[in-house]
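Here's the structure, in structure tokens; my notes come after.
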Amino acid sequence: MPDAMEVSFVVNAGAVQVTTHPMARLLDVLRTTLHLTGTKEGCGEGECGACGVLLDGRLVNSCLVPIGQVNGSSVTTIEGVASGEQLHAVQQAFIDCGGAQCGICTPGMVLAAAALLDLNPSPSLDQIRIGLAGNLCRCTGYMRIFEAVVTAMRIKPAS
Amino acid sequence: MRSWLAQYEMRSASDLGEALDLLSRWPGEWTPFAGGTDLMVLLEAGKLPRRRFVDLWRINELRGIAASADSVRIGALATYTDLLTDPIIAAEFPLVAAAARETGAVAIQNRGTVGGNIANASPAADLPPALLVYGAALELASSRGRRHVAYESFHFGYKRMDLAADELIVGVTLPRERRAQGERGAGWQHRETYRKVGTRRAQAISKICFAASVDLDGGVVRDIRIALGSVAPTVVRARSAEESVRNQPIGSQTIAAARLALRADISPIDDIRSTADYRLRVAGNLLEELLS
Chain Y
34 MPDAMEVSFV
44 VNAGAVQVTT
54 HPMARLLDVL
64 RTTLHLTGTK
74 EGCGEGECGA
84 CGVLLDGRLV
94 NSCLVPIGQV
104 NGSSVTTIEG
114 VASGEQLHAV
124 QQAFIDCGGA
134 QCGICTPGMV
144 LAAAALLDLN
154 PSPSLDQIRI
164 GLAGNLCRCT
174 GYMRIFEAVV
184 TAMRIKPAS
Chain Z
6 MRSWLAQYEM
16 RSASDLGEAL
26 DLLSRWPGEW
36 TPFAGGTDLM
46 VLLEAGKLPR
56 RRFVDLWRIN
66 ELRGIAASAD
76 SVRIGALATY
86 TDLLTDPIIA
96 AEFPLVAAAA
106 RETGAVAIQN
116 RGTVGGNIAN
126 ASPAADLPPA
136 LLVYGAALEL
146 ASSRGRRHVA
156 YESFHFGYKR
166 MDLAADELIV
176 GVTLPRERRA
186 QGERGAGWQH
196 RETYRKVGTR
206 RAQAISKICF
216 AASVDLDGGV
226 VRDIRIALGS
236 VAPTVVRARS
246 AEESVRNQPI
256 GSQTIAAARL
266 ALRADISPID
276 DIRSTADYRL
286 RVAGNLLEEL
296 LS
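Protein chains in written order, with this note's numbering: chain Y, 34 to 192; chain Z, 6 to 297.
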């Protein structure tokens, strides 16, 4: 590749180094290079939120982030949300409330919910809707997802 | 179809001087790249026409929102989230805050930038109408120096703007002096309205975007500023509509005159998101709502 660069960053608390084109999508580096296939590709144009990850703690669509801009940053994917065997409160609540059906939107939805609760530990239903507005789900009709976020918020404050 | 990455080149600029140097040495060759929320969409679709990009993301001097006594300066790399969390923007420029809230959703707001939104020059962009209402000025830099241009005269055709090939948008300045006009007589009323009309509440591209501020004195229109998106080749200030109601008492006659005058300000078209008829009617309705 004529324009390959070395990119060093942290994924789920582990340092990684990849050699790739700086405009490769963070999404492709995660899935193809690092085999972290929990992050899904939905629309590929920033509309659906399925590829959501946290970049330096902030929710982003990994399909819209060129890897060159990730150099020196820290990424959290769905694989890094749980602490060992202990699921994140949002993950547990999605299971308990039936917040997942086909599962394609779920990783992004969980990260969006976790990011929301990090910023605002007790959001109103309206704030939950706004926090998840960029994440499309074609199965659930959203109500169980919103219920899961409310449940997660009650289980414990976001870590 | 996905683009073939090897035909693209991206160089990360570590400071503004380096970015401007690249832009000036090969004018028109390098395209500034900020948060990527527009350009990465084109890349994935195989529709990114430019080949060489200068990544601005690391240039800290383009970040931040700073207030002085008479203005607020928004760095070109300020994101929508930065706008949403800034207390002065919230208190004094509610239309800017509203626009930031209505743009995309959280993940886009965390990455999309003010400078990128302006340079992308979409007539459907949500932030520009708010900037027009507040009389924003743009700060443009090149290795030749800096200049300021009124935002209202910046866009002059579809995706055409007063920006030389070696120039970069580095900041947006919003004057604060208007903010002090709140203290007037008892009959004085100040209104600001921001309305985005899209297919759904979040994550939609506008069919129409409307931003306005109006000062009424005993029911008579004094200062009025109206700007719209998605109804012309560029975002537009509705000067004719403003003129038609200035110093007029609000009421059905004034509203009718304003609706008529608005037709001279906008030139909506049929496209994938809406129709000319719908846009014209809703633009008039939003104007009527403002003046009711």
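No residue lacks a Cβ here, since even glycine has one placed at the ideal position from N, Cα and C.
Nearest candidate by alpha-carbon position, reference residue i, set the options
{"i": "aspartate 36 of chain Y", "options": "Z/Leu136, Z/Tyr13, Z/Leu132 and Z/Thr280", "result": "Z/Tyr13"}
{"i": "aspartate 20 of chain Z", "options": "Z/Arg7, Z/Leu67 and Z/Leu48", "result": "Z/Leu67"}
{"i": "arginine 268 of chain Z", "options": "Z/Arg242, Z/Gln253, Z/Val225 and Z/Pro128", "result": "Z/Arg242"}
{"i": "arginine 56 of chain Z", "options": "Z/Asn65, Z/Thr36 and Z/Ala50", "result": "Z/Thr36"}
{"i": "serine 107 of chain Y", "options": "Y/Ala181, Y/Phe42, Y/Ala185 and Y/Val183", "result": "Y/Phe42"}
{"i": "aspartate 167 of chain Z", "options": "Z/Gly109, Z/Val226 and Z/Thr239", "result": "Z/Thr239"}
{"i": "isoleucine 128 of chain Y", "options": "Y/Asp61, Y/Gly90 and Y/Ala185", "result": "Y/Ala185"}
{"i": "valine 49 of chain Y", "options": "Y/Thr109, Y/Gly117, Y/Ala133 and Y/Gly77", "result": "Y/Thr109"}
{"i": "cysteine 96 of chain Y", "options": "Z/Glu294, Z/Leu136, Z/Asp75 and Z/Asp43", "result": "Z/Asp43"}
{"i": "alanine 102 of chain Z", "options": "Z/Tyr199, Z/Ser73 and Z/Arg30", "result": "Z/Tyr199"}
{"i": "glutamine 258 of chain Z", "options": "Z/Leu285, Z/Asp75, Z/Ala110 and Z/Ser297", "result": "Z/Ser297"}
{"i": "glycine 109 of chain Z", "options": "Y/Asp151, Y/Gly164 and Y/Gln124", "result": "Y/Gly164"}
{"i": "leucine 136 of chain Z", "options": "Z/Leu145, Z/Ser218 and Z/Ala112", "result": "Z/Ser218"}
{"i": "isoleucine 231 of chain Z", "options": "Z/Gly223, Z/Arg196 and Z/Gly256", "result": "Z/Arg196"}
Proximal residues to residue i (C-beta, below 7 angstroms), its chain only, five neighbours per side dropped
{"i": "glycine 40 of chain Z", "result": "Thr84, Arg116, Gly117, Thr118 and Gly121"}
{"i": "leucine 92 of chain Y", "result": "Gly85, Leu144, Ala145 and Ala148"}
{"i": "valine 202 of chain Z", "result": "Ser211, Lys212, Ile213 and Val287"}
{"i": "alanine 281 of chain Z", "result": "Pro273, Ile274 and Asp275"}
{"i": "aspartate 91 of chain Z", "result": "Ile70"}
Buried or exposed by the 16-neighbour rule on C-beta atoms within 10 Å, applied to residue i
{"i": "leucine 82 of chain Z", "result": "buried"}
{"i": "tyrosine 156 of chain Z", "result": "buried"}
{"i": "cysteine 135 of chain Y", "result": "exposed"}
{"i": "arginine 205 of chain Z", "result": "exposed"}
{"i": "isoleucine 274 of chain Z", "result": "exposed"}
{"i": "proline 128 of chain Z", "result": "buried"}
{"i": "tyrosine 139 of chain Z", "result": "buried"}
{"i": "aspartate 276 of chain Z", "result": "exposed"}
{"i": "lysine 52 of chain Z", "result": "exposed"}
{"i": "tyrosine 163 of chain Z", "result": "exposed"}
{"i": "glycine 105 of chain Y", "result": "exposed"}
{"i": "proline 133 of chain Z", "result": "buried"}
{"i": "alanine 74 of chain Z", "result": "exposed"}
{"i": "serine 155 of chain Y", "result": "exposed"}
{"i": "glutamine 124 of chain Y", "result": "buried"}
{"i": "threonine 65 of chain Y", "result": "exposed"}
{"i": "alanine 191 of chain Y", "result": "Because the pLDDT at alanine 191 of chain Y is just 45, under 50, the model does not fix this residue reliably, and the point stays unresolved."}
Residues of its chain near residue i, where Cβ-Cβ distance is below 8 angstroms and the 5 sequence neighbours each way are ignored
{"i": "glycine 113 of chain Y", "result": "Val44, Asn45 and Ala46"}
{"i": "valine 77 of chain Z", "result": "Ile70, Ala71, Ile93, Ile94, Glu97, Phe98, Thr178, Leu179 and Arg181"}
{"i": "alanine 18 of chain Z", "result": "Ala24, Leu27, Val59, Asp60, Leu61, Arg63 and Ile64"}
{"i": "threonine 52 of chain Y", "result": "Ala37, Met38, Glu39 and Val40"}
{"i": "asparagine 252 of chain Z", "result": "Val225, Val226 and Arg227"}
{"i": "glutamate 49 of chain Z", "result": "Arg7 and Ser8"}
Bridge-paired residues (DSSP) for residue i
{"i": "arginine 179 of chain Z", "result": "Looking at the sequence provided, one finds leucine at residue 179 of chain Z rather than arginine. Leucine 179 of chain Z is bridged to Z/Val77."}
{"i": "lysine 201 of chain Z", "result": "Z/Cys214"}
{"i": "alanine 146 of chain Z", "result": "Z/Arg151 and Z/Leu173"}
Residue i: CB within 7 angstroms of a non-hydrogen atom of the ligand FAD
{"i": "tyrosine 283 of chain Z", "result": "What this structure holds is no ligand at all, so the ligand FAD is not there to describe."}
Residues near residue i in its chain [Cβ-Cβ closer than 6 angstroms; skip 5 each side]
{"i": "alanine 57 of chain Y", "result": "Ile100"}
{"i": "alanine 266 of chain Z", "result": "Ser245, Ala246 and Ser249"}
Taking only beta carbons into account, state which residues of the stretch 62-94 of chain Y come closer than 7 angstroms to chain Z, listed in chain order.
-> Gly77, Glu78, Gly79, Glu80, Gly82, Gly85, Arg91, Leu92, Val93 and Asn94
Which residues, in order along the stretch 154-168 of chain Y, keep a beta-carbon less than 7 angstroms from a beta-carbon of chain Z?
-> Gly164, Ala166 and Gly167
Contact residues within the stretch 96-120 of chain Y, judged by C-beta distance below 7 angstroms to chain Z = Of all residues in the stretch 96-120 of chain Y, only Cys96, Leu97, Val98, Pro99, Gly101 and Gln102 come within less than 7 angstroms of chain Z when Cβ atoms are compared, listed by chain position.
Taking a cut of 7 angstroms between CB atoms, which residues from the stretch 98-129 of chain Z lie near chain Y?
-> Gly109, Ala110, Val111, Ala112, Ile113, Asn115 and Arg116
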